[in-house]
Each structure stands twice: as C-alpha cells, then as structure tokens.
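What follows is one structure encoded as structure tokens, with my remarks underneath.
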Amino acid sequence: MPNVYHHQRIIVTLDMGSPSSSDEEWASVKILIHRFADLPSAVGQSTLSPEFTCNGHRWCIKLYPSGHTEAGEGCLSLYLRLCSGGYATTAYEMSVLDKFQSIKHTMKSTRKIFRLDDSWGWKDFYPRDQILNQSTNMLDDNGTLAIVVSIKKDNTSPFVPNNPMSGLITSMFLDEETADVCFEVSTADVHDVDDGDEEAPSPVTFHAHRLILKTCAPMLASLFGSDDEEIVKVSINDVKPAIFRHCCIMSTGGA
Numbered sequence: 001m002p003n004v005y006h007h008q009r010i011i012v013t014l015d016m017g018s019p020s021s022s023d024e025e026w027a028s029v030k031i032l033i034h035r036f037a038d039l040p041s042a043v044g045q046s047t048l049s050p051e052f053t054c055n056g057h058r059w060c061i062k063l064y065p066s067g068h069t070e071a072g073e074g075c076l077s078l079y080l081r082l083c084s085g086g087y088a089t090t091a092y093e094m095s096v097l098d099k100f101q102s103i104k105h106t107m108k109s110t111r112k113i114f115r116l117d118d119s120w121g122w123k124d125f126y127p128r129d130q131i132l133n134q135s136t137n138m139l140d141d142n143g144t145l146a147i148v149v150s151i152k153k154d155n156t157s158p159f160v161p162n163n164p165m166s167g168l169i170t171s172m173f174l175d176e177e178t179a180d181v182c183f184e185v186s187t188a189d190v191h192d193v194d195d196g197d198e199e200a201p202s203p204v205t206f207h208a209h210r211l212i213l214k215t216c217a218p219m220l221a222s223l224f225g226s227d228d229e230e231i232v233k234v235s236i237n238d239v240k241p242a243i244f245r246h247c248c249i250m251s252t253g254g255a
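Residue numbers (full-length UniProt numbering): 1 to 255.
Below, the structure is given as structure tokens:
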C-alpha cells in the first residue's frame, strides 16, 4: 500500500469510539517546482519559492538544488524561511512526493524560533541524482517536483507584558521629592465661618514635572514659561482641586 501523504484535507471524519485527545493541528502547503533539472546546479546556488501564509506569518522555502555547502554536495538542501516581521516559534516537516503523489521522503523538525529571514532545514534533504533518475518517478512528465511543507499550528497566545511606563509617569505626579514645578489650585467658592465672615478655601498644592507636562499637557507646561524662565509655582483659580487632579492624572495615562 503506497505511503500516501497523510496531512491532506479530510472531507468527512467519522468517529468510532472515543478518540484520544490531541491539540496538534497542521497546515500544509504543496509547492510545485517546475523544470527542476533546469535550476542552478552549482553548490551554494539557491532559489526561493513563492510566499505563503500560515499562523499569521508569511513563509517560503529556500532550496539549493545541488547542496547548500560542500558537506551537502549532491543533495537537495531544503529550508523553511520566515518572510514576515516579528518572530514565530513552530515545529514543521517537509516531504518530497513522487509523481503519483506518494511520499518518498519526510524530515521532521522540533520547535524552532524564527525571526525575519531566518531559515531552518536540512543541508542533505534528498540526493539530487535520485530526483533526476527517471526510474524513481520523482519528477512528473513535465519535470516538476512536488514538495509539501507542513507547519504546526500554534494555538497559544503570545505573552505580551504590561507596559509599566504609563503607571510610572502617573506615579511621579504629586511626587514632591522629584518635582521641579507646582500648581496652587483653588476654587472661587466661599463658605461661612463662625463669626459670619466668608472665607475662601486654602489652595491645594500639586507637584509636577516640567518635562512630563511638556509631553502630556503642553498647555499647562506653557504656564511656566520657557526653560530660561525660573517660574516654579503657578496659581490656578476657579477650578476645583479634585477636578484639576483628575485632569492631570488622565493626561499622564492614568484612569
């Protein structure tokens, strides 16, 4: 019974009994290399396949028809190459088929970390003379070689750490030790005191940083003038301190 490629698409699946659990899923791409015999035959000469997409990344295969290095001379060298930015971690396998679409040879890789333009694979994937030998039926009548690339689907979400910068900037607000400017904020509201006189509430001091204000609240920063001016305290009236504090925290990315 021929060893038919086992990652081909299944149209209907029927279960008899309880299947064992498995999280392994593969995406496969068949690449047809036309006129394989006419590809560059010198050691170290390579060619790239068209790009394809899998797991949200773009890939291609890089092949050296007569070997990548002298160590692999006379063999087809075959590599999986990441063409998109970022990085990817995946296991993969490559198979070469004969003209009857049966597997002639397969090589499997453990999980590898790919970055842009990284290539992983095998320098001695399959003997070139075996591919060209008509008796092996590797090439079809048009001289086409079929290669199947299977990439394991990664179902895990990438870990994205929280960026602490916003919290750090917000925490510096009101930090008197490191501040270089301050606001004195008061409201126009008055209240009665025991002897019947009206008294305005005392202003509330908010310490801040000129550089952070320039970036996050340039209008407030402009109240202190230019860097050449030594204005370190500004009074703001007719604003409730609680509202002013909330606005400052929001401007630095706080909630």
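All C-beta atoms in this analysis are idealised placements derived from N, C-alpha and C, irrespective of residue type, glycine included.
Beta-carbon contacts of residue i that lie in its chain and below 7 Å, excluding the five residues immediately before and after
i: P127; result: G74, C75
i: V83; result: Here residue 83 is Cys; the residue named in the question, Val, does not match the sequence. Taken in chain order, the residues that qualify are E51, R58, W59, C60.
i: S46; result: K62, L63, Y64
i: H207; result: L174, D175, E176, A179, C182
i: L223; result: V234
i: L39; result: T47, P65
i: G85; result: L116
Residues near residue i by beta carbon distance below 6 Å, same chain, minus five either side
i: T205; result: C182, E184
i: L220; result: L213
i: C216; result: S251, T252
i: S235; result: E184
i: K233; result: C182
i: Y92; result: L80, S109, I151
i: F244; result: V185
Cβ neighbour criterion (16 or more within 10 Å) applied to residue i
i: C247; result: exposed
i: D98; result: buried
i: T69; result: exposed
i: F100; result: exposed
i: M94; result: buried
i: T90; result: buried
Beta carbon proximity, residue i to chain B, threshold 9 Å
i: N162; result: The chain labelled as chain B is not found in the depicted structure, where only one protein chain is given.
Residue from the options with nearest C-alpha to residue i
i: W26; options: W122, V148, V43; result: V148
i: V43; options: H34, G72, T170, W59; result: G72
i: E35; options: A208, G143, S226, S150; result: The amino acid at residue 35 is misidentified as Glu; the sequence shows Arg. Comparing Cα positions, the closest option is G143.
i: S146; options: A91, K153, S109, S102; result: The sequence shown places Ala at residue 146, rather than the Ser named in the question. The shortest C-alpha separation from A146 is found at S102.
i: K108; options: K152, A242, C54; result: K152
i: S166; options: C54, I249, D38; result: I249
i: S186; options: Y92, P203, S171; result: P203
i: T136; options: F114, P164, H105, R115; result: H105
i: L114; options: I231, N55, Q134, P164; result: Looking at the sequence provided, one finds Phe at residue 114 rather than Leu. The candidate whose alpha carbon is nearest that of F114 is N55.
i: P201; options: R245, D238, Q134; result: D238
Between the CA atoms of residue j and residue i - distance to the nearest angstrom
i: S41; j: D117; result: 23 Å
i: F173; j: L211; result: 12 Å
i: D23; j: D154; result: Note that D23 has pLDDT 49, beneath the 50 cutoff, so the model's placement of it is unreliable and no number is given.
i: W122; j: T110; result: 13 Å
i: W120; j: H209; result: 50 Å
i: D227; j: G254; result: 26 Å
i: Y87; j: K240; result: 50 Å
i: S28; j: S49; result: 15 Å
i: T53; j: T170; result: 41 Å
i: G225; j: K112; result: 56 Å
i: A242; j: L168; result: 21 Å
i: I33; j: N162; result: 45 Å
i: D141; j: K30; result: 18 Å
i: P164; j: E230; result: 31 Å
i: Q134; j: V160; result: 52 Å
Cut-off 8 Å between Cβ atoms - residues of its own chain near residue i, not counting five sequence neighbours on either side
i: G67; result: V43, G44, E73, G74, C75, L76, S77, K123, D124, R128
i: I131; result: F36, L76, V96, M138, L139, L145
>> As an exercise, report each continuous beta strand (DSSP E) stretch of at least 3 residues that is fully enclosed by the segment 65 to 109, in chain order.
In response: Taking only runs of at least 3 residues, the beta strand (DSSP E) segments lying wholly in the segment 65 to 109 are 75 to 82, 87 to 97.
> Unbroken beta strand (DSSP E) runs of length 3 or more, entirely within the segment 199 to 223: which are they?
Replying inline: Taking 3 residues as the shortest admissible run, the segment 199 to 223 contains the following complete beta strand (DSSP E) segments, listed from N- to C-terminal end: 204 to 208.
> What are the start and end residues of each continuous beta strand (DSSP E) run of 3 or more residues lying completely inside the segment 20 to 51, in chain order?
Replying inline: Along the segment 20 to 51, the beta strand (DSSP E) occurs as fully enclosed runs of 3 or more residues at 26 to 33, listed in sequence order.
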